[in-house]
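Trainee: Got a structure for you, questions after.
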Amino acid sequence: MGQSAGFAEGDGHFGIDKRGYLTFKLTQSTTDSQILFYVKKTLGFGSVSLQSKLSNTHQYRVRDKNNLITIINIFNGNLKTKAKIDQFKLFLEAFNNKYETNILFIRFRYIVSQKDDIQFSKSLAYLINGYVTYVKSYDGYNTVVNHRAITTIFSSLIGLFQQDIKKVIAYSTMSQLGMMVIAVGLSSYNIALFHLVNHAFYKALLFLGAGAVIHAVADNQDFRKYGGLRAFLPLTYSVMLIASLSLVAFPFMTGFYSKDFIIESAYGQYYFSGTAVYFVSTIGAMFTTLYSVKVLYLTFLTNPNGPLINYKHAHEGDIFMSLPLIILAVFSIFFGYITKDIFIGLGTNFFIDNSLFIHPSHEILLDTEFAVPTLFKILPLIFTVSLSILSLVLSEFIPKVLTHFKLSRFGYNVFGFFNQRFLVELFYNRYITDLVLKLGGQTTKVLDKGSIELIGPYGLEKGLVSLSKNISKLDTGVITSQ
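This is how it looks when you write it as structure tokens:
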């Protein structure tokens with residue numbers, strides 16, 4: 001252990017001796033031992049002794065915890081090679097395990113001593129094991145952002161063509177996760193965390209509201225067989241309306257303060273890829289509006305489409321089901337407004353401990369807040385309101401347009417394509433799952449029920465039976481006497 005944890009810097013050595021003591025040793029020849037006494041006098045601690053008469057050397061040694069920390073801090077800003085840093089880290093980990101100190105705090109002095117920005121970012125990312133992103137250019141961010149923008153649209157489109165109320169909400173969650181990772185790709189970790197917390201409230205409210213509806217209609221999850229439930233479930237309708245408004249980022253709802261800010265942040269990058277992600281995210285938000293209106297309309301507003309018995313027994317839940325809905329509804333309205341300045345306000349000290357570190361070159365809050373044109377700030381809202389009105393008008397006043405489209409061959413293919421999740425599962429099941437199952441079947445047939453059984457208990461049994469039969473044949477059954 002002492003060998004692996006040791007670290008040498010000149011004639012100095014951090015290590016663990018055979019008895020498990022953490023020590024710092026500084027060795028000099030006996031002729032130069034005055035240097036060691038000078039070090040001891042200057043520092044005010046440690047001991048100097050003759051190390052070996054044969055090698056003619058003296059040694060300065062430190063074992064005390066507080067004194068070791070002083071020595072560590074002396075060396076901490078002067079280690080330049082990766083090998084030395086890695087060996088030094090081993091010693092610090094051993095030090096931390098024994099004394100339960102904070103290695104990260106001890107090592108931070110070395111990190112901030114780096115003069116070069118690139119080396120600073122590399123070292124800081126290495127320090128906290130990748131929780132701080134280091135990218136030389138925006139290419140790495142663009143890759144993350146573009147993929148997550150596609151995820152947002154992908155999930156929104158799938159959710160739009162589902163008929164299971166819980167599936168729609170689940171795919172909505174995937175879409176919002178895409179939004180969060182877009183923020184991460186923009187290096188806006190505080191915005192991503194803000195949206196995560198906001199999203200937790202209104203998405204939990206949607207799931208609980210859907211559960212209340214399913215409970216009221218005899219566990220039926222197909223919202224095509226709902227309709228007209230507003231009169232039977234007024235509280236559930238109210239809270240799901242609040243949650244849906246927050247989901248589509250309607251102004252001054254909780255979701256508005258984080259979701260819209262993520263979309264604006266993409267435009268605030270002032271890169272072509274950022275602008276492209278802005279429009280892709282806006283399109284994803286449009287589909288979010290469509291499936292939110294679809295769920296509300298088919299569940300609560302349209303004519304009843306379910307069996308009569310479901311409406312006879314439809315009822316609100318008891319206080320234990322209703323109280324969480326009310327609490328989450330309050331948070332879905334007010335939480336974003338109350339905590340915006342805490343999470344993403346300029347000058348907030350919520351992350352003052354650098355638990356979320358954003359490199360200054362990636363800071364975009366100012367540009368997002370003050371430099372994005374007003375048109376691009378309100379464009380998602382314009383699309384949200386316009387599509388909500390359009391979808392309600394089509395559903396309520398000219399439903400035949402939607403019916404004819406769905407019954408046409410083109411509409412049937414479009415609906416099937418998105419309902420079956422872009423046929424990804426069909427491809428996966430046909431060309432991957434089936435192949436793996438067939439391979440597993442052959443493996444079972446040849447090995448589990450074949451060769452393994454022959455050399456296992458079954459084979460042993462058959463072998464013993466065959467052997468005993470052959471031995472019994474040696475007996476003729478005739479007893480001879482002399």
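Per full-length UniProt numbering: the sequence shown = residues 1 to 482. Just so you know, even glycine gets a beta-carbon here, dropped at the ideal spot from N, CA and C. Please read these numbers as outputs of a predicted model, since none were measured by experiment.
Quick one: using the 10 Å Cβ neighbour count with 16 as the cut-off for buried, is Ser-49 buried or exposed?
Mentor: Reading the sequence shown from its first residue, position 49 is the one you call residue 49. With fewer than 16 Cβ atoms within 10 Å of its Cβ, Ser-49 is classed as exposed.
Trainee: Where does Thr-23 fall in DSSP's three states?
Mentor: Reading the sequence shown from its first residue, position 23 is the one you call residue 23. Thr-23 falls in the strand class under three-state DSSP.
Trainee: With a CB to CB cut of under 7 Å and the five nearest residues on each side skipped, what residues in its chain are close to Gln-269?
Mentor: Start at 1 with the first residue of the sequence shown, and residue 269 comes out as number 269. If we look at Gln-269 and ignore the five residues flanking it on each side, its Cβ neighbours are Leu-186 and Ile-364.
Trainee: Taking C-alpha atoms, which residue in Phe-370, Ile-165 and Met-180 lies nearest to Phe-291?
Mentor: Residue 291 sits at position 291 when you count from the first residue of the sequence shown. The amino acid occupying residue 291 in the given sequence is Tyr; Phe does not appear at that position. When each option's Cα is compared against that of Tyr-291, the closest is Ile-165.
Trainee: Is DSSP giving Phe-105 helix, strand or coil here?
Mentor: In the sequence shown, counting from the first residue as 1, residue 105 sits at position 105. In this prediction, Phe-105 has a pLDDT of 45, which is less than 50 and means its spatial position is unreliable; what the coordinates show is noted afterwards. Helix.
Trainee: For Thr-384, which residues from the same chain have a beta carbon less than 8 Å from its beta carbon, with the 5 sequence-adjacent residues on both sides left out?
Mentor: Stepping through the sequence shown from its first residue, residue 384 is reached at position 384. Here the set comprises Val-248, Ala-249, Phe-250, Ala-285, Met-286 and Thr-289.
Trainee: Across the stretch 174-182 and the stretch 308-321, are there enough close Cβ pairs to call them in contact, namely three or more that are closer than 8 Å?
Mentor: no
Trainee: Who are Thr-368's beta bridge partners in DSSP?
Mentor: Along the sequence shown, read from residue 1 onward, the residue named residue 368 stands at position 368. Paired residue(s): none; Thr-368 is not in a bridge.
Trainee: Does the distance from the CB of Thr-333 to the CB of Met-240 come in under 8 Å?
Mentor: Counting from 1 along the sequence shown, the entry for residue 333 is found at position 333. Counting from 1 along the sequence shown, the entry for residue 240 is found at position 240. Residue identity check: residue 333 is Ile in the sequence provided, not Thr. For Ile-333 and Met-240, no; Cβs fall outside 8 Å.
Trainee: Let me confirm a value: Leu-407 is counted as buried when at least 16 other C-beta atoms fall within 10 Å, else exposed. Which label applies?
Mentor: Position 407 of the sequence shown, counting from 1, holds the residue named residue 407. Exposed, by the Cβ-count rule.
Trainee: Is the beta carbon of Ala-212 closer than 8 Å to that of Leu-233?
Mentor: Working through the sequence shown from its first residue, we reach residue 233 at position 233. Working through the sequence shown from its first residue, we reach residue 212 at position 212. Going by C-beta atoms, Leu-233 is nearer than 8 Å to Ala-212.
Trainee: Cutting at 7 Å between CB atoms, please list the residues of its own chain near Gln-221, excluding the five before and the five after it.
Mentor: Within the sequence shown, residue 221 is the residue found at index 221, counting from 1. Result list for Gln-221: Asp-164, Ile-165, Lys-166 and Ile-214, in chain order.
Trainee: If we cut at 8 Å on Cβ distances, does Tyr-171 have a partner in chain C?
Mentor: Chain labels in this structure do not include chain C; a single protein chain is all it has.
Trainee: Is it a yes or a no for the stretch 191-200 touching the stretch 256-275, going by three-plus beta-carbon pairs under 8 Å?
Mentor: yes
Trainee: Going residue by residue through the stretch 282-317, where are the continuous alpha helix (DSSP H) segments of at least 4 residues, counting only ones entirely within it?
Mentor: 308-312
Trainee: By the three-class DSSP mapping on this structure, what secondary structure does Arg-409 have?
Mentor: Taking the sequence shown and counting its residues from 1, the one referred to as residue 409 is at position 409. Residue state, collapsed to three classes: helix.
Trainee: What does the Cβ neighbour count give for Pro-373, buried or exposed, with the cut at 16 atoms within 10 Å?
Mentor: By 1-based counting over the sequence shown, the position of residue 373 is 373. Within 10 angstroms of the beta-carbon of Pro-373 lie fewer than 16 other beta-carbons, which makes it exposed.
Trainee: Provide the residue span of the beta strand (DSSP E) that contains Thr-57, from first to last.
Mentor: Against the sequence shown, residue 57 aligns to sequence position 57. First-last of the beta strand (DSSP E) with Thr-57: 57-62.
Trainee: Out of curiosity, what's the CA-to-CA distance linking Thr-403 and Phe-272?
Mentor: Counted from its first residue, the sequence shown places residue 403 at position 403. Counted from its first residue, the sequence shown places residue 272 at position 272. Straight-line Cα distance between these residues: approximately 39 Å.
Trainee: Take the Cβ of Arg-61 as the centre, count every other Cβ of all protein chains shown within 10 Å, and call the residue buried at 16 or more, exposed below.
Mentor: By 1-based counting over the sequence shown, the position of residue 61 is 61. That one is buried.
Trainee: Under three-state DSSP, which class holds Gln-163?
Mentor: As a first step, residue 163 must be located in the sequence shown, where it is residue number 163. Three-state result, Gln-163: coil.
Trainee: Could you tell me whether the Cβ atoms of Asn-190 and Leu-22 are closer together than 8 Å?
Mentor: Walking along the sequence shown from the start, residue 190 turns up at place 190. Walking along the sequence shown from the start, residue 22 turns up at place 22. Result no, Cβ atoms of Asn-190 and Leu-22 do not sit closer than 8 Å.
Trainee: Alpha carbon to alpha carbon, how far is Lys-469 from Asp-475? Give it in angstroms, no decimals.
Mentor: Within the sequence shown, residue 475 is the residue found at index 475, counting from 1. Within the sequence shown, residue 469 is the residue found at index 469, counting from 1. Spanning the two alpha carbons is a distance of roughly 10 Å.
Trainee: For Lys-225 and Tyr-337, I'd like the C-alpha separation in whole angstroms.
Mentor: Residue numbering aside, residue 225 sits at position 225 when the sequence shown is read from its first letter. Residue numbering aside, residue 337 sits at position 337 when the sequence shown is read from its first letter. Taking the straight line joining both Cα atoms gives about 37 Å.
Trainee: Could you please give the first and the last residue of the uninterrupted alpha helix (DSSP H) stretch that includes Tyr-257?
Mentor: Residue numbering aside, residue 257 sits at position 257 when the sequence shown is read from its first letter. Its alpha helix (DSSP H) spans residues 254-267.
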